[in-house]
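A.B. asks:
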Amino acid sequence: MERISDIIESIANEKGLEIDDVKERVKRALINTARHVYGEHYEYDVSLDANKNLKLYQKILILANDDERLSEDNEHFIGVSEARKIHGSVEVGDELTYELSLDNLGRTAAQTLHKELEFHIQRLVEEKIFQKYEEMVGNVVFGTVVRVDEQENTFIEVDELRAVLPRKYRIKGEKFKMGDVVKAVIRKVYSDKNLGIKVELSRTSPKFLEALLTAEVPEIKDGGIVIQGSARIPGERAKVAIMSVSPSIDAVGATVGTKGVRINAVSKELKNENIDVVEYSHEPIIFITRAMSPAIISSVKIDYKKAIVSLVSDQKSKAIGKAGINIRLASMLTGYEIELNELGAGGAKTNSDGNSMTRDLKALFGDL
């Protein structure tokens with residue numbers, strides 16, 4: 183066992199693992215090997231000596247001299263009188279340890295240890311990979327397409343593993359072939375007994391849009407602008423709510439970029455998805471009004487999680503959007519069920535004192 187410490191360092195360097203983690207797995211491998219060679223019912227321990235070499239020990243429980251178990255099993259147990267000949271201060275219930283050696287047990291022990299080491303180190307590597315990608319859920323990765331199966335699921339080589347982009351998480355109309363480089367967000371990571379670590383990717387998740395914006399807009403990456411939420415109908419249109427943490431930063435302007443260069447770069451990656459950038463507000467009325475853009479809203483009334491949005495007739499089609507896409511996205515983004523209330527002729531609904539609700543809204547919140 184004198185060379186185990188060198189083996190530990192070699193494995194750690196080769197696999198990119200922490201030495202202490204490898205050491206623990208080697209200990210497990212040694213104990214399992216001892217159980218196989220010496221017997222499964224014994225107690226074993228592994229410790230590090232002064233020269234940083236691992237030592238394997240068998241533990242023996244100290245019993246009272248008249249304990250019946252001594253006559254039945256003198257390998258697992260030792261009487262207290264006999265034990266005190268070895269170590270004078272022991273008591274009943276303590277344990278004595280004997281060093282064991284696997285060096286002289288031949289090829290069988292060596293093969294068993296090799297298999298145990300291989301198994302435990304492989305599990306450690308898989309655990310570290312799983313932890314790495316689990317922490318990356320919601321982050322963008324990219325890799326090369328290595329296979330597309332009959333169901334049009336796309337398999338992508340990402341660093342040390344093969345991830346899958348299911349067809350249902352691919353933007354409508356997209357098709358990939360072997361050799362294509364694909365960007366996607368990590369949607370889920372799980373472990374399968376038969377298939378090992380599985381990393382599922384998505385290009386339709388709102389998190390993909392948010393991750394692309396974070397990569398494209400320095401102010402978002404640095405924390406000067408915070409993404410409060412997003413909603414997508416993949417490949418068609420999206421809305422993203424952003425908020426500046428500093429009055430010196432124009433959240434919408436910075437996100438869109440000069441002449442739209444930043445938002446256009448993100449849109450291109452999403453098959454030219456049209457992206458509305460909405461300035462977030464803690465006040466639901468303001469937030470809903472902004473989320474309904476490009477429609478101009480006259481007033482908003484909140485009733486629990488329902489928003490009754492009033493607007494003049496010529497703004498109704500804009501509020502609804504093609505196939506209802508604008509109102510659906512606004513509802514998804516704000517979390518409110520939105521009901522449209524079309525105003526009558528004249529474009530204004532008057533309240534009890536005869537003043538226009540539209541004017542009241544502008545007086546309270548300004549031009550939105």
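Residues in the sequence shown are numbered from 183 upward in steps of one, following our numbering. Beta carbons: idealized from backbone N, C-alpha and C, even for Gly.
Return helix, strand or coil for T290, following the three-state DSSP convention.
C.D. replies: The sequence position of residue 290 within the sequence shown is 108, counting from 1. Looking at T290 - three-state DSSP - the assignment turns out to be helix.
A.B. asks: Residues in its own chain within less than 8 Å of E316 by CB, not counting five upstream and five downstream?
C.D. replies: By 1-based counting over the sequence shown, the position of residue 316 is 134. Cβ neighbours of E316 beyond the five flanking positions: V371.
A.B. asks: Kindly indicate which three-state DSSP category E225 falls into: helix, strand or coil?
C.D. replies: Along the sequence shown, read from residue 1 onward, the residue named residue 225 stands at position 43. Three-state result, E225: strand.
A.B. asks: What is the C-beta distance between I311 and G325, in whole angstroms, given that I count them as a contact (C-beta under 8 Å)?
C.D. replies: Translated into the one-based positions of the sequence shown, residue 311 becomes position 129. Translated into the one-based positions of the sequence shown, residue 325 becomes position 143. Not really, about 15 Å apart at Cβ, beyond 8 Å.
A.B. asks: Pairing CB atoms from the stretch 396-410 with CB atoms from the stretch 374-388, are three or more of them under 8 Å?
C.D. replies: The stretch 396-410 vs the stretch 374-388: no contact.
A.B. asks: In whole angstroms, what is the alpha-carbon distance linking I193 and L199?
C.D. replies: Locating residue 193 in the sequence shown gives position 11, counting from the first residue. Locating residue 199 in the sequence shown gives position 17, counting from the first residue. For I193 and L199, the distance between alpha carbons rounds to 8 Å.
A.B. asks: Short of 6 Å in beta carbon distance, which residues of its chain neighbour E392, apart from the five on each side in sequence? Order them along the chain.
C.D. replies: In the sequence shown, residue 392 corresponds to position 210, counting from 1. Here the set comprises I409, S412.
A.B. asks: Here's the rule I'm using: 16 or more other beta-carbon atoms within 10 Å means buried, otherwise exposed. How should P461 be labelled?
C.D. replies: Here residue 461 corresponds to residue number 279 of the sequence shown, with the count starting at 1. Here residue 461 is Glu; the residue named in the question, Pro, does not match the sequence. Counting Cβ neighbours within 10 Å, E461 comes out buried, since at least 16 surround it.
A.B. asks: First and last residue of the alpha helix (DSSP H) that includes I213?
C.D. replies: Within the sequence shown, residue 213 is the residue found at index 31, counting from 1. Note, I213: alpha helix (DSSP H), 201-220.
A.B. asks: Roughly how many whole angstroms lie between the Cα atoms of T336 and K197?
C.D. replies: Taking the first residue of the sequence shown as position 1, residue 336 is located at position 154. Taking the first residue of the sequence shown as position 1, residue 197 is located at position 15. Distance between the alpha carbons of T336 and K197 is about 28 Å.
A.B. asks: Let me see if you follow: with CB-CB separation under 8 Å, is Y351 close to chain B or not?
C.D. replies: Any reference to chain B falls outside this structure, which holds one protein chain only.
A.B. asks: At what residue ranges does the stretch 388-420 contain a whole run of the beta strand (DSSP E), taking only runs of 3 or more?
C.D. replies: Listed in chain order, the complete beta strand (DSSP E) runs (minimum 3 residues) inside the stretch 388-420 are 407-415.
A.B. asks: Can you check which of these residues, K314, S263, I479, is closest to L525 by C-alpha distance?
C.D. replies: Within the sequence shown, residue 525 is the residue found at index 343, counting from 1. Of K314, S263, I479, the residue nearest in Cα terms is I479.
A.B. asks: Specify the secondary structure class of I190 as computed by DSSP and reduced to three states.
C.D. replies: Position 8 of the sequence shown, counted from the first residue, corresponds to residue 190. DSSP places I190 in helix when its eight states are reduced to three.
A.B. asks: Name the residue from I467, E418, I260 whose alpha carbon lies nearest to the alpha carbon of D458.
C.D. replies: By 1-based counting over the sequence shown, the position of residue 458 is 276. The residue with the shortest Cα to Cα distance from D458 is E418.
A.B. asks: Return helix, strand or coil for N508, following the three-state DSSP convention.
C.D. replies: Here residue 508 is taken as the residue at index 326 of the sequence shown, counted from 1. Note: N508 maps to helix in three-state DSSP.
A.B. asks: Does the distance from the C-beta atom of H302 to that of A216 stay below 8 Å?
C.D. replies: Start at 1 with the first residue of the sequence shown, and residue 302 comes out as number 120. Start at 1 with the first residue of the sequence shown, and residue 216 comes out as number 34. Contact: no.
A.B. asks: So the alpha helix (DSSP H) I468 belongs to, where does it begin and stop?
C.D. replies: Counted from its first residue, the sequence shown places residue 468 at position 286. Start and end: 466-473.
A.B. asks: What do you reckon, are the CB atoms on K241 and E225 nearer than 8 Å?
C.D. replies: Taking the first residue of the sequence shown as 1, we reach residue 241 at position 59. Taking the first residue of the sequence shown as 1, we reach residue 225 at position 43. Closer than 8 Å, so yes.
A.B. asks: Which residue wins for smallest C-alpha separation from L343, given the options A433, K500, D331, S373?
C.D. replies: Taking the first residue of the sequence shown as 1, we reach residue 343 at position 161. Of the candidates A433, K500, D331, S373, the one whose C-alpha sits nearest the C-alpha of L343 is S373.
A.B. asks: What does DSSP give as the partner residues of D458 in its beta bridges?
C.D. replies: Taking the first residue of the sequence shown as position 1, residue 458 is located at position 276. Per DSSP, K421.
A.B. asks: Which partner residues does N523 have in the DSSP bridge list?
C.D. replies: As a working note, residue 523 is residue 341 in the sequence shown. According to DSSP, N523 bridges with S492.
A.B. asks: Straight-line CA distance for I431 to K297?
C.D. replies: The residue you call residue 431 lines up with position 249 of the sequence shown. The residue you call residue 297 lines up with position 115 of the sequence shown. Taking the straight line joining both Cα atoms gives about 60 Å.
A.B. asks: Pick helix, strand or coil for E196, following the three-state DSSP scheme.
C.D. replies: For the purposes of this step, residue 196 is taken as residue 14 along the sequence shown, with counting starting at 1. E196: helix per DSSP, three-state reduction.
A.B. asks: Bridge partners of D374, per DSSP?
C.D. replies: Start at 1 with the first residue of the sequence shown, and residue 374 comes out as number 192. Answer is G378.
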